Amino acid sequence: MSRLRIGTAGIPLAAQPRTSCAGVEKLVELGLDCMELEFVRSVQMQEQTARELRDVCEENQIELTVHAPYYINLNSKDPQKVEASKARILKAARIGWLAGAKSVTFHAAYYHGDDHSVVFEKVKQELVQVRAILDDEGNSICLCPETTGSSSQFGTVTEIVSLALEIPGVYPCIDFSHLHARSLGAMNSYEEFRRVIHLIGDKLGRSALEHLHMHLSGIEYGAKGERKHLTLPESDMNYPAVLQVLADCDVSGWLICESPNLEEDALLLKHEYTKITNIKGGIHNG
Ligand SMILES: [Zn+2]
8 MSRLRIGTAG IPLAAQPRTS CAGVEKLVEL GLDCMELEFV RSVQMQEQTA
58 RELRDVCEEN QIELTVHAPY YINLNSKDPQ KVEASKARIL KAARIGWLAG
108 AKSVTFHAAY YHGDDHSVVF EKVKQELVQV RAILDDEGNS ICLCPETTGS
158 SSQFGTVTEI VSLALEIPGV YPCIDFSHLH ARSLGAMNSY EEFRRVIHLI
208 GDKLGRSALE HLHMHLSGIE YGAKGERKHL TLPESDMNYP AVLQVLADCD
258 VSGWLICESP NLEEDALLLK HEYTKITNIK GGIHNG
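For the sequence shown, our numbering assigns the number 8 to the initial residue and increments by one for each residue that follows.
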């Protein structure tokens with residue numbers, strides 16, 4: 008059965024020792040459902056660890072997603088940097104697949120002042136190659152470029168959904184906090200979040216909403232967009248509206264909490280979401 012899973016961006020803070028396997032056990036104890044492997048500096052996980060992690064996840068019914076390194080720019084003017092970027096996505100996708108992860112997200116590119124449609128074509132061309140390599144290896148992890156938090160970065164909702172529309176095996180990763188930061192504080196209402204979810208459903212079909220990769224946290228923003236992540240209570244992020252939309256549109260997949268207090272806000276999201284769905288269930292039954 009598909010459902011919305013809520014979890015942490017990385018190993019929960021309370022987990023000891025600081026390993027992914029111990030992280031999964033902590034998630035079970037807390038009542039959370041998924042974890043993102045944060046390969047944001049580099050991909051260091053060994054194959055043996057990935058296999059062990061896969062077993063621990065299966066035993067405990069915890070699902071995994073992956074965040075590929077930050078140092079990715081498919082629109083670099085330096086061809087070597089583009090190749091290195093693709094290699095980083097591939098490495099994260101391969102070790103993630105071995106660990107049983109369903110989806111890998113990454114920030115695809117910077118605009119560097121180029122025409123946005125030119126950047127779109129460039130990113131598309133590179134991602135087609137990455138997808139083809141993974142397909143040849145029998146690796147069907149979802150490739151999910153993320154909506155980004157700053158206006159210098161490629162990654163509006165339209166760009167990300169268009170990429171997914173044009174490349175089979177590519178799906179959107181929606182970071183609601185980035186949408187809010189990028190729009191300098193707009194994009195923070197039920198109606199706006201619902202429009203995003205409807206756009207995905209209309210363009211990519213209902214199935215895209217059944218395994219949607221998402222990020223949510225508190226966020227601080229300035230004139231250029233994202234500054235840093237905050238906890239939900241100390242930010243103006245309208246997370247109850249996000250959760251209400253996800254419940255009303257029956258979205259499932261992985262909602263990863265990137266707040267600095269990780270599991271604390273993930274649990275806040277989970278409790279709020281459970282409350283919303285219980286109320287909805289009550290209305291249906293009554
Ligand atoms: Zn990200």
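Heads up, the beta-carbon is just placed ideally off N, CA and C, and yes, glycines get one too. Because the structure is a prediction, the values reported are computed rather than measured.
Here proline 152 is bridged, per DSSP, to Phe113.
The Cβ atoms of threonine 72 and glutamate 43 sit closer than 7 Å to each other. Put simply, the residues with a CB less than 7 Å from any heavy atom of ligand 1 are His74, Thr112, His114, Glu153, Asp182, His222, in chain order. In the structure shown, histidine 74 falls within a strand segment according to DSSP collapsed to helix, strand and coil. Membership of aspartate 255 in the alpha helix (DSSP H) is indicated by the continuous run 246 to 255. Cβ-Cβ separation between leucine 239 and serine 224: approximately 7 Å, consistent with a contact (criterion under 8 Å).
In this structure, the beta-carbon distance from tyrosine 280 to leucine 250 falls below 7 Å. Cα atoms of glutamate 227 and serine 157: separation of roughly 12 Å, rounded to the nearest angstrom. In this structure, the beta-carbon distance from alanine 94 to valine 111 does not fall below 7 Å.
C-alpha of valine 35 to C-alpha of glycine 229: approximately 37 Å in a straight line. Valine 137 counts as buried, since at least 16 other C-beta atoms from the protein chains shown sit within 10 angstroms of its C-beta. DSSP places threonine 26 outside both helix and strand once states are collapsed to three, so it counts as coil.
Of the residues assessed, glutamine 68 falls on the exposed side of the cut-off, its CB having fewer than 16 other CB atoms within 10 angstroms.
For the 7 Å CB-CB criterion, asparagine 82 and lysine 129 form a contact. Beta-bridge pairing by DSSP links histidine 119 to no other residue.
Within the same chain, Ile13 come within 6 Å of lysine 277 by CB-CB distance, once the 5 residues on both sides are set aside. The beta carbons of phenylalanine 200 and alanine 273 sit no closer together than 7 Å. If you look at tyrosine 197, you'll find it in the alpha helix (DSSP H) that goes 197 to 211.
For alanine 16, the uninterrupted beta strand (DSSP E) segment begins and ends at 11 to 16. Judged by their CB atoms, leucine 141 and proline 152 are not nearer to each other than the 7 Å cut-off.
Between the C-alpha atoms of aspartate 209 and cysteine 180 there is a straight-line separation of about 16 Å. Classified as exposed, lysine 235 has fewer than 16 neighbouring CB atoms from the shown chains inside 10 Å of its CB. Straight-line spacing of the CA atoms in isoleucine 174 and histidine 74 works out to 20 Å. Bridge partners of valine 168 according to DSSP: none are assigned. For glutamate 241, the CB contacts under 8 Å within the same chain, skipping 5 residues up- and downstream, are Gly225 in chain order.
Using a 10 angstroms sphere on the CB of lysine 109, the tally of other CB atoms reaches 16 or more, which defines it as buried.
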